[in-house]
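Asker: Let me begin by handing over the structure; questions about it come next.
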Amino acid sequence: MTDKIIAADVIVCSPTRNFVTLKVTTADGVVGYGDATLNGRELSVASYLRDHVAPLLIGRDPARIEDTWQYLYRGVYWRRGPVTMAAIGAVDVALWDIKGKTVGQPVYQLLGGAVRDRILAYTHATGWETAELIDQVVATRERGFLAIRAQAGVPGLDNVYGVHKGGGEGYEPAGRGVAPVEEVWDTDAYIRHIPGVLEQVREHVGPELKLLHDAHHRLTPQQAARLGKALEDVDLFWLEDVTPAENQDVLRLVRNHTTTPLAIGEVFNTIWDAQHLITEQLIDFIRVAIVHAGGISHVRKLFALAEVYQVRCGPHGPSDVSPISLGAGLHLGMATPNFAIQEYMGYDPLVSEVFPHAWSFDSGYLTPGDAPGVGVGFDEVLAARYPYEPAYLPVARRLDGTMTDW
Ligand code: KDG
Ligand code: MG
């Protein structure tokens, strides 16, 4: 039996990039950690937690995880949205961490136990030119990855989502500074170029490697249908975020024209954002991250809904989701039958020093480890040496200057 919560502290640090961490402490000294990072809006979630949530946690029973979730979600008139749900998600993960540490079990054991031995992971390969991309895909496969997201430059554009100009793995979209960088984007040029690039990658690597691609919300329904069709021979594991996900019915048009599997959901915050797409079977993979969709308790329900409709789970896992969320997602993945793959962009070594973790990557697969709780710590002393620095995701304009989806 764990005593009541006596402290809930929010720490924002920037070991190469910004992270928001919630630390919940119980009267008998058990500490649970949750991730509340929302790229480019970190301080909003920190304030939501510090000013509006932390005072409500003091004196609560940390064992009542679902009740606390309901209290923070249903008990508040203004609900949903990324800021609120990231804050609730951080509390939820911290409480699962405390529960696991209290009973001396890794969280996946508390979720019903393992349904698999390990979790397939995919990472990113990027190349401005096709030859460079092929080299990177091959080098990434040599590091053990069995599934790789491939993103390429587009002739005529100086910036393309997912492509690091210097080559290699180090793509980091958030630029430091007080205002976002403005990029110029042309979907027509992208659609003309990318099928040929991905065909060459597939030809080079053979049929077995799982290839993925992210269109990052930039196409019209018709363009999306056309791209999906053009990529059918590439045999993608998935084509991600073809259209902005607010207009969900358009996925029906895309579906009717292509068998390329569709993945969506990294910007979703609740089960209700995904309900229609899942029950209408308009997608093949749901991509919500633990941190942005209310934590383990809520994402577990979403994944269970997806299971009914043969939609599989492939959560968001970029480097702007902290190692705590990645760990929490792996525990859920171990216990979720319809979990397919985990995005794993990797972290700078300094990030792993600040967040020492029991989870590990080996030969294409991730495992959460068997440490009690989530199994991710937080070195506050080291973190304090890297204070918050303003940093923003870019914004994008079309060739004629109008704003478009980044
Ligand atoms: O913060 C935004 C990034 O997490 C996002 O652009 C990464 O699309 C992304 C992905 O699939 O990893
Ligand atoms: Mg994406």
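For the sequence shown, the numbering used here gives the first residue as 2, with consecutive numbering after it. We put the beta carbon where it would ideally sit given N, CA and C, even for glycine.
Hey, out of A47, V108, R144, whose CA is closest to T337's CA?
Answerer: As a first step, residue 337 is located in the sequence shown; it is residue number 336 there, counting from the start. Considering only alpha carbons, the answer is V108.
Asker: What does DSSP give as the partner residue(s) for D215 in the beta ladder?
Answerer: The sequence position of residue 215 within the sequence shown is 214, counting from 1. Answer by DSSP bridge pairing, in chain order: E241.
Asker: Report the residue from P222, R193, L232 whose alpha carbon sits nearest the alpha carbon of L212.
Answerer: Within the sequence shown, numbered from 1, the residue matching residue 212 stands at position 211. Nearest C-alpha to L212: L232.
Asker: Report the residue ranges of all alpha helix (DSSP H) runs contained in full by the region 61-92; include only those spanning at least 4 residues, in chain order.
Answerer: You should have 66-74.
Asker: How about P369: is its Cβ closer than 6 Å to a heavy atom in the ligand KDG?
Answerer: Looking up residue 369 in the sequence shown gives position 368. No; taking the cut-off as 6 Å, the Cβ of P369 has no heavy atom of the ligand KDG nearer than that.
Asker: Might you give, ordered along the chain, the residues of its own chain that have their beta carbon closer than 8 Å to the beta carbon of D234, omitting 5 neighbours on each side?
Answerer: Walking along the sequence shown from the start, residue 234 turns up at place 233. Taken in chain order, the residues that qualify are E200, R203.
Asker: Ignore the nearest five residues each way along the sequence and tell me which others in L394's own chain have a CB closer than 7 Å to its CB.
Answerer: Within the sequence shown, the letter at position 393 stands for residue 394. Correct list, in chain order: N40, G41, P174, A175, P181, W407.
Asker: Residues bridged to V32 by DSSP?
Answerer: Indexing the sequence shown from 1 puts residue 32 at position 31. Per DSSP, T26.
Asker: Alpha carbon to alpha carbon, how far is T260 from T85?
Answerer: Start at 1 with the first residue of the sequence shown, and residue 260 comes out as number 259. Start at 1 with the first residue of the sequence shown, and residue 85 comes out as number 84. C-alpha separation (whole angstroms): 36 Å.
Asker: Pick helix, strand or coil for D98, following the three-state DSSP scheme.
Answerer: On the sequence shown, residue 98 is found 97 positions in, with the first residue counted as 1. Correct three-state label for D98: helix.
Asker: Within this structure, are the beta carbons of Q282 and Y310 separated by less than 7 Å?
Answerer: Position 281 of the sequence shown, counted from the first residue, corresponds to residue 282. Position 309 of the sequence shown, counted from the first residue, corresponds to residue 310. In this structure, Y310 lies closer than 7 Å to Q282 by Cβ.
Asker: Would you kindly work out how many angstroms separate the C-alpha atoms of A329 and G178, rounded to a whole number?
Answerer: Here residue 329 refers to the residue found at position 328 when the sequence shown is read from its first residue. Here residue 178 refers to the residue found at position 177 when the sequence shown is read from its first residue. Cα-Cα distance, rounded: 30 Å.
Asker: Output the boundary residues of the alpha helix (DSSP H) element that contains W186.
Answerer: Indexing the sequence shown from 1 puts residue 186 at position 185. Unbroken run through W186 is the beta strand (DSSP E), 183-186; no alpha helix (DSSP H).
Asker: Is the beta carbon of G113 sitting closer than 7 Å to the one on G296?
Answerer: What you label residue 113 is simply residue 112 of the sequence shown in a count that begins at 1. What you label residue 296 is simply residue 295 of the sequence shown in a count that begins at 1. Result no, Cβ atoms of G113 and G296 do not sit closer than 7 Å.
Asker: Is the beta carbon of E173 within less than 6 Å of some heavy atom of the ligand MG?
Answerer: For the purposes of this step, residue 173 is identified with residue 172 of the sequence shown, where counting begins at 1. Not under cutoff, so the answer is no.
Asker: In whole angstroms, what separates the C-alpha of T280 from that of A307?
Answerer: If you number the sequence shown from 1, residue 280 lands on position 279. If you number the sequence shown from 1, residue 307 lands on position 306. So the two alpha carbons sit approximately 8 Å from each other.
Asker: Which ranges would you report for the alpha helix (DSSP H) in the region 237-321 if only whole runs of at least 4 residues count?
Answerer: Listed in chain order, they are 251-258, 272-280, 296-309.
Asker: Got a sec: does the ligand KDG put a non-hydrogen atom nearer than 6 Å to the Cβ of N160?
Answerer: Taking the first residue of the sequence shown as 1, we reach residue 160 at position 159. No - the ligand KDG has no heavy atom lying nearer than 6 Å to the Cβ of N160.
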